[in-house]
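Protein chains in written order, with this note's numbering: chain A, 6 to 395; chain B, 6 to 395.
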């Protein structure tokens, strides 16, 4: 068995949204398609990968460093020594050959894109959904059939803040979501509190169904002001108050704010994750870790991150990855994470889940097909076909 | 005044060296040339930038994100509000527009390449060497005319470890260096101790003229074994024992090893530098910080890092940047750092200093010409001409 082709392209996921830090008007992603000579159901097994949103496509690093190393590898060097399959761990070591330690960003996205496609292939060769394969190999044995998902959005609507926001949130509830997330930090505290209260109204007065996200924008004083003002709402969580690497800020906030806090989407290695757990003062009984496997060197590295968590006394249940993609959903259902993010209607067709499996009571089912489940998303498959005809 | 052209290319700096972590057989760098419409001495002012070694060229990120933002900027948006010159701080904000926080690597290199060229231009427009401009604007007022440099090398010579290494080190002493650095961690402790003793012999028995570099390779147990074994030598410093992000390892080592330690070349932002100072247990009276401004978002960010250091009670004198390039040398002489790395004969023509200013007693003089001093390096200028004829 061998890889016979690796195709790579960049696709736009531009949208007119913006958070407290950036706008997404030029956001794009890298896309890969890896073809093997293994035949299942009369067709060659193919794996698909793409990067999660927010950190741009990584075509340069893929074309100049990561893909050449994979292409130059002997087929034997990529083979699982215990199974007749590819070995994503050996592929990972090859892709990271002659890469210095530290500096985890961008490169971590490029490797994540390929890692996703490799796991898609591995599960297809075993003719299993990835979440089931993961549960058997690295998880509790049996995969979960559904995962908690929440609708991330809650943007700013200049000129009609309250109405626009409430309308957006009603839309998510109509789609089957129970829990929603909104942006904060793009307006004054006073205006943000009005927005929060407007959303809680839509949620039947239940603040525990609302998370808020500052996207790393606040300094300590502002983060504390928001913490004190928001505490009475009993929110689901308070996300990325300060710079993602400012562990001291996070630790101080954790002493002030009794509710759950969430962070980690902008940490891209198990070493960075370990520093967050060592120094960030996070509380394993309530806080949420949002490391995104697709942005962070893929599942091979995410398994190391879960190991770091276990050593620090954390349950995988505390993880709800960033990104809203099927890869993280498969990992969530397979390894017993706490759920997955979702961006209804945005970052399509990479974001979102299987076409015929709607959200119900804030949970989504996983498709029962081999691999990550991309074939259950018509528009995603159509995009791959248009990108890689030949 | 405005930027009229930005040219970008990739150049190889392949060499047959390797450290304990990677080999440099495919190492390359990004190179930029920025032309302005400002005329000095009858010619248009041009700035040159390139990335420091070890983290590869960043053509993808430059072409897709950083350079388009700069090219789309109005000339006014890049102008220094206080002087008739470019403003690298405003350029920095523009280049980092719509970039999320965290994940500092690769992108930090791309921005560093451009930042270098902008500072070259700023100093040329003021018709001063950069080190003098920096001393006046941000430093002690008067620049130093010379800086301490040490020869980094000390590679492995399969089959003739001791002889090859001693010959290499004698070569550095012959070039005028007083202090040298060698690799460790690529052989057994026993063999490395033999190599260390062989080099100390060449240095007249003075271990304080020798630094050793593990390139982040050791786990804690190995790092401690080396620390205990090397302590009697009284080495100049013990560099990057463990993973650059493993601050706990560094902190434990600092309690065990009384001699100077050095690290920081694989941390690429002021946030990462701050974490090292907060959590790494480094000692401001003896340890060395090696942040490389060219790999770390350039001088604009390096000034933030120096500010973080000052707040933590550190003198700039404790900095001896990684990289061996003239940009860091100018910063060292201008801002009163402790010196600069040098790789004699490697990474040419990007590494190394002015052609006609030899190393003397372990120090090098800075050329008295406008800008960073690239025009005093014939082969570097010849390479730029060959890359950007047009």
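The beta carbon of each residue, even a glycine, is placed where N, CA and C say it ideally should be.
CB of residue i within 7 Å of CB of residue j, strictly
i                     : j                     : result
residue 387 (chain B) : residue 359 (chain B) : no
residue 299 (chain B) : residue 121 (chain B) : yes
residue 118 (chain A) : residue 47 (chain A)  : no
residue 349 (chain B) : residue 155 (chain B) : no
residue 275 (chain A) : residue 57 (chain A)  : no
residue 44 (chain B)  : residue 16 (chain B)  : no
residue 109 (chain A) : residue 335 (chain A) : no
residue 115 (chain A) : residue 180 (chain A) : no
residue 340 (chain A) : residue 52 (chain A)  : no
residue 261 (chain B) : residue 293 (chain B) : no
residue 233 (chain B) : residue 215 (chain B) : no
residue 235 (chain B) : residue 207 (chain B) : no
residue 250 (chain A) : residue 203 (chain A) : no
residue 50 (chain A)  : residue 129 (chain A) : yes
residue 343 (chain B) : residue 322 (chain B) : yes
residue 384 (chain B) : residue 354 (chain B) : yes
residue 140 (chain A) : residue 345 (chain A) : no
Contacts of residue i in chain A (Cβ-Cβ under 7 Å)
i                     : result
residue 192 (chain B) : Per Cβ cutoff of 7 Å: no residues; residue 192 (chain B) is ~19 Å from chain A at best.
Proximity test, Cβ basis, 7 Å: residue i and chain B
i                     : result
residue 326 (chain A) : no
residue 65 (chain A)  : yes
residue 303 (chain A) : no
residue 209 (chain A) : no
residue 405 (chain A) : Outside the displayed range of chain A (6 to 395) lies residue 405 (chain A), so it cannot be described from this structure.
residue 221 (chain A) : yes
Assumed close pair residue i, residue j - CB separation to whole angstroms, cut-off 8 Å
i                     : j                     : result
residue 278 (chain A) : residue 272 (chain A) : 6 Å
residue 2 (chain A)   : residue 219 (chain A) : Outside the shown range of chain A (6 to 395) lies residue 2 (chain A), about which nothing can therefore be said.
residue 7 (chain A)   : residue 86 (chain A)  : About 16 Å separates the two Cβ atoms, so there is no contact after all.
residue 138 (chain A) : residue 131 (chain A) : 6 Å
residue 102 (chain A) : residue 84 (chain A)  : Incorrect: roughly 17 Å between the Cβ atoms, too far for contact.
residue 398 (chain B) : residue 112 (chain A) : In the structure as shown, chain B starts at 6 and stops at 395, and residue 398 (chain B) therefore has no counterpart that could be examined.
residue 366 (chain B) : residue 183 (chain B) : 6 Å
residue 247 (chain A) : residue 285 (chain A) : Not confirmed; about 10 Å, so no contact.
residue 255 (chain B) : residue 200 (chain B) : Residue 255 (chain B) to residue 200 (chain B), Cβ: 24 Å. No contact.
residue 124 (chain A) : residue 377 (chain A) : 7 Å
residue 40 (chain B)  : residue 10 (chain B)  : 4 Å
Where residue i meets chain A, residues with beta-carbon distance less than 9 Å
i                     : result
residue 110 (chain B) : 107, 108, 109, 110, 111, 112, 113 and 273
residue 160 (chain B) : Correct list: empty, because the minimum Cβ distance to chain A is about 16 Å.
Within chain B, partners of residue i - CB distance below 7 Å
i                     : result
residue 27 (chain A)  : 103, 104 and 105
residue 284 (chain A) : 284
residue 58 (chain A)  : By Cβ distance, chain B contributes nothing, its closest Cβ being about 10 Å from residue 58 (chain A), past 7 Å.
residue 276 (chain A) : 248, 250 and 251
residue 31 (chain A)  : 103
residue 70 (chain A)  : 61
CB contact check: residue i to chain A, cutoff 7 Å
i                     : result
residue 249 (chain B) : yes
Contact list for residue i against chain B, beta-carbon separation under 9 Å
i                    : result
residue 76 (chain A) : Per Cβ cutoff of 9 Å: no residues; residue 76 (chain A) is ~14 Å from chain B at best.
Contact set between residue i and chain A, taken where Cβ atoms lie within less than 8 Å
i                     : result
residue 280 (chain B) : 250, 252, 280 and 284
Self-check item: Unbroken stretches of the alpha helix (DSSP H), 4 residues or longer, contained in the stretch 208-241 of chain B
Solution: 225-235
Practice problem: May I have a chain-ordered list of the beta strand (DSSP E) segments no shorter than 3 residues that lie completely inside the stretch 35-99 of chain B? | Solution: 48-55
Quiz item: Residue ranges of each alpha helix (DSSP H) run of no fewer than 4 residues wholly in the stretch 253-332 of chain B, ordered along the chain?
Solution: 275-284 and 303-316
Exercise. Starting from the N-terminal side, write out each stretch of the alpha helix (DSSP H) that is 4 residues or longer and does not extend beyond the stretch 95-140 of chain A.
Key: With a minimum length of 4 residues, the continuous alpha helix (DSSP H) runs that stay inside the stretch 95-140 of chain A are 112-130.
Self-check item: Secondary structure, alpha helix (DSSP H): runs of 4+ residues fully inside the stretch 140-180 of chain B
Solution: 166-180
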